[in-house]
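Data first, discussion second: the structure below is written as structure tokens.
2 protein chains.
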Amino acid sequence: MPNTSGTQSIDRAAQLLIAVADSAAPIGVGELAEATDLPKSTVSRLVAALERHALVQRDGLRGPLRPGPVMMRLARRGAGDRDLTELSADALRRLADASAETINLAVPTPLGVEHLSQVDSGHFIGSTNWIGRRVPHETTAVGKVFLAFGAVRIAGGHAGLVPELEAVRVRGYATAVGELEPGLAAMAAPVRAGAGEIVAALSISGPETRLTRERIGDLAPLLLHEAATVSARLGYGTTTQGAA
Amino acid sequence: MPNTSGTQSIDRAAQLLIAVADSAAPIGVGELAEATDLPKSTVSRLVAALERHALVQRDGLRGPLRPGPVMMRLARRGAGDRDLTELSADALRRLADASAETINLAVPTPLGVEHLSQVDSGHFIGSTNWIGRRVPHETTAVGKVFLAFGAVRIAGGHAGLVPELEAVRVRGYATAVGELEPGLAAMAAPVRAGAGEIVAALSISGPETRLTRERIGDLAPLLLHEAATVSARLGYGTTTQGAA
DNA sequence: CCCTATGATCCTTATCGTGGAACAATAGTT
DNA sequence: AACTATTGTTCCACGATAAGGATCATAGGG
């Protein structure tokens with residue numbers, strides 16, 4: 123257990139900062155005192171420090187609090203593809219080690235699935251380099267993930283896929299066997315960000331001879347777990363607040 | 123001067139959090155110690171507390187630090203139109219009080235300038251309600267702001283406006299007199315977010331008989347100041363790091 | 001004007017945070 | 001494999017800091 127001594131006031135200030143950041147509307151000192159079970163004088167003092175560092179800001183001189191310029195700056199910068207790639211690198215390596223197949227991280231775009239990073243299998247027969255390549259949604263596992271969870275809409279609809287996409291939603295991951303090209307099998311799980319929106323998918327792919335339906339079933343828990351790990355790093359599921 | 127006693131460790135932790143948030147790449151404990159002039163033991167302890175609250179996260183168990191899930195969640199949520207509207211409400215009121223004209227907050231969209239909020243003048247003759255209305259960029263002061271500072275690009279170019287847009291960039295604000303419709307005068311200044319990007323504009327508008335060229339010159343400093351105030355709340359100009 | 005609610009400040013005291021030293025872990029070199 | 005260098009973590013005595021009840025200040029409503 124790591125040492126937690128000497129950090130009580132950091133813990134308190136962090137609690138307050140997160141309460142402000144997660145609040146749906148600007149929140150006052152009294153409300154924060156209630157939410158954190160701290161005396162108002164303590165809240166007032168700690169909040170003043172957070173305000174001095176631009177982590178929170180007020181409406182007027184003594185008004186309710188909202189995320190400050192520093193938080194807004196981070197909010198506007200956003201989490202880019204590079205963050206996504208870096209935050210998922212170890213998950214891709216673990217999946218590659220466990221499955222001995224090709225692992226990809228892909229994001230949805232209106233023009234198709236785009237691959238951001240890849241870890242190759244050790245096999246001679248495996249997937250080629252997909253980074254930068256765009257493929258249609260309908261015939262790939264990651265594309266089906268995006269369609270199933272509403273990350274993209276395709277022109278002309280996908281009525282023919284409706285029962286399959288429902289199955290994807292139910293079990294949490296998608297598969298594509300021999301659809302993009304004969305002999306190629308793949309499975310994919312969604313990566314979510316803060317409020318639950320799908321921002322990427324992790325996939326495992328390889329030849330059908332290795333990535334059999336049984337093997338796919340065996341790998342599913344690990345794939346879902348690693349997708350959940352990356353999602354947590356992006357802030358999904360870490361708020362104590364109810365859904366907006 | 124507000125009381126700053128009893129917040130030394132909050133101040134230190136805030137410094138560390140901001141250093142991590144502003145760092146272009148993941149940053150280690152030793153580097154943070156140098157950047158903040160704190161002993162490594164102090165940095166290690168404070169960073170552990172920030173990590174416990176998901177404000178920072180590490181690559182691996184002891185690796186370099188990057189913004190944590192809580193910050194990523196906020197980053198993904200982004201600063202929406204509602205934040206923009208609320209953060210600028212008092213600025214619009216002050217501008218309306220000082221100018222006695224109609225004040226608007228507008229954002230750039232590919233389809234034209236969109237108005238998010240408005241404070242009306244006390245006059246019988248003034249601008250009608252613009253909220254929700256879209257107007258072309260070329261003939262409005264806010265549209266010229268967006269064109270001048272690169273917030274939008276319009277189809278077919280705007281070669282005819284080039285000298286005027288250069289003047290807008292130089293003095294920092296745009297004007298439009300009798301262009302959208304006869305008798306209507308307006309001036310606008312850019313609102314920037316974290317890294318300097320133009321996300322909105324504040325404008326003053328009214329009839330040419332009141333909003334004369336002299337009056338526009340008189341109001342320019344206040345308009346620029348209020349636009350800068352809102353920009354600061356959005357995180358513009360608050361980082362200590364050099365431009366990326 | 002009075003009352004209520006919210007937020008800020010004061011300041012004594014006990015608890016907490018500090019930081020140098022030592023230890024632990026990791027990475028690089030031979 | 002052994003050694004060295006670098007980075008990061010933990011310990012703990014002690015002094016400095018943070019706590020929080022009491023009081024004050026401000027704002028809004030009747």
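Chains as they are written, first to last, in the numbering used here: chain X, 123 to 366; chain V, 123 to 366. The C-beta atom is built at its ideal place from N, Cα and C for all residues, glycine as well. As the structure is a computational prediction, the values presented were derived from the model and not from experiment.
**Message:** I want to verify the contact list: residues of chain X whose CB lies under 7 Å from the CB of glycine 357 of chain V, in sequence order.
**Reply:** Pro191, Val192, Met194, Arg195 and Arg198
**Asked** Since valine 178 of chain V contacts aspartate 203 of chain V with CB under 8 Å, what's their CB separation in whole angstroms?
**Response** So it is not a contact: roughly 29 Å between Cβ atoms.
**Asked** Would alanine 136 of chain V count as contacting chain X if we go by Cβ distances under 8 Å?
**Response** yes
**Message:** Strictly below 8 Å CB to CB, what residues from chain V border alanine 310 of chain X?
**Reply:** Result: empty, since nearest Cβ-Cβ is about 21 Å, beyond 8 Å.
**Message:** Using a Cβ-Cβ distance cut-off of 8 Å, determine whether glycine 233 of chain X contacts chain V.
**Reply:** First, the residue type needs correcting, since residue 233 of chain X is leucine and not glycine in the sequence shown. It does not; no Cβ of chain V falls within 8 Å.
**Prompt:** Just curious, the alpha helix (DSSP H) that histidine 347 of chain V is in, first and last residue?
**Reply:** 335-355
**Item:** Distance between arginine 215 of chain X and leucine 238 of chain X (C-alpha atoms, nearest Å)
**Value:** 14 Å
**Residues of its chain near threonine 362 of chain X, where Cβ-Cβ distance is below 6 Å and the 5 sequence neighbours each way are ignored** = Legend: pLDDT at threonine 362 of chain X = 48, less than 50; position of this residue unreliable, no value from coordinates given.
**Message:** Taking 6 Å as the limit between beta carbons, can you name the residues of its chain near glutamine 137 of chain V, skipping five residues before and five after?
**Reply:** Thr158
**Message:** Judging by CA-CA distance, which residue of X:Asp212, X:Asp219, X:Ile140 and X:Glu208 is the nearest neighbour of arginine 188 of chain X?
**Reply:** The alpha carbon of arginine 188 of chain X has as its nearest neighbour, out of X:Asp212, X:Asp219, X:Ile140 and X:Glu208, the alpha carbon of X:Ile140.
**Message:** Please tell me whether histidine 347 of chain X has its Cβ less than 8 Å away from any Cβ of chain V.
**Reply:** no
**Prompt:** Counting Cβ pairs closer than 8 Å, one from the stretch 205-219 of chain V and one from the stretch 189-196 of chain V, do we hit at least three?
**Reply:** no
**Prompt:** So which of X:Ile338, X:Val321 and X:Ala323 has the shortest CA-CA distance to proline 329 of chain X?
**Reply:** X:Ile338
**Request:** May I ask you to report which of helix, strand or coil DSSP gives glutamate 301 of chain X?
**Result:** Coil.
**Asked** Which residues in the same chain have their Cβ closer than 7 Å to the Cβ of proline 312 of chain V, if we skip the five residues on either side of it in sequence?
**Response** Val267, Phe271, Ile320, Ala323 and Ala349
**Request:** Report the neighbours of leucine 177 of chain X on chain V: residues whose CB is nearer than 9 Å to its CB, in chain order.
**Result:** Ala136, Leu139 and Ile140
**DSSP-derived helix/strand/coil call for glycine 282 of chain X** = helix
**Request:** Within the same chain, show all residues whose beta-carbon is closer than 8 Å to that of methionine 171 of chain X, passing over the 5 residues directly before and after it, in chain order.
**Result:** Checking the sequence, you will find alanine at residue 171 of chain X rather than methionine. For alanine 171 of chain X, where only same-chain residues beyond five positions count, the Cβ hits under 8 Å are Ala135.
**Asked** Is it true that the CB of leucine 196 of chain X sits closer than 8 Å to the CB of leucine 356 of chain X?
**Response** no
**Message:** Can you tell me whether threonine 158 of chain V is helix, strand or coil according to DSSP?
**Reply:** helix
**Prompt:** Can the beta-carbon of alanine 296 of chain V be found less than 8 Å from the beta-carbon of tyrosine 358 of chain V?
**Reply:** no
**Message:** Going by DSSP, what residue range makes up the alpha helix (DSSP H) through alanine 317 of chain X?
**Reply:** That residue, alanine 317 of chain X, is in no alpha helix (DSSP H); it is neither H nor E in DSSP.
**Rounded straight-line distance, which links the Cα of leucine 287 of chain V to that of alanine 220 of chain V** = 27 Å
**Message:** Counting only beta-carbon separations shorter than 8 Å, does glycine 318 of chain X have a partner in chain V?
**Reply:** It does not: the Cβ of glycine 318 of chain X has no partner Cβ on chain V nearer than 8 Å.
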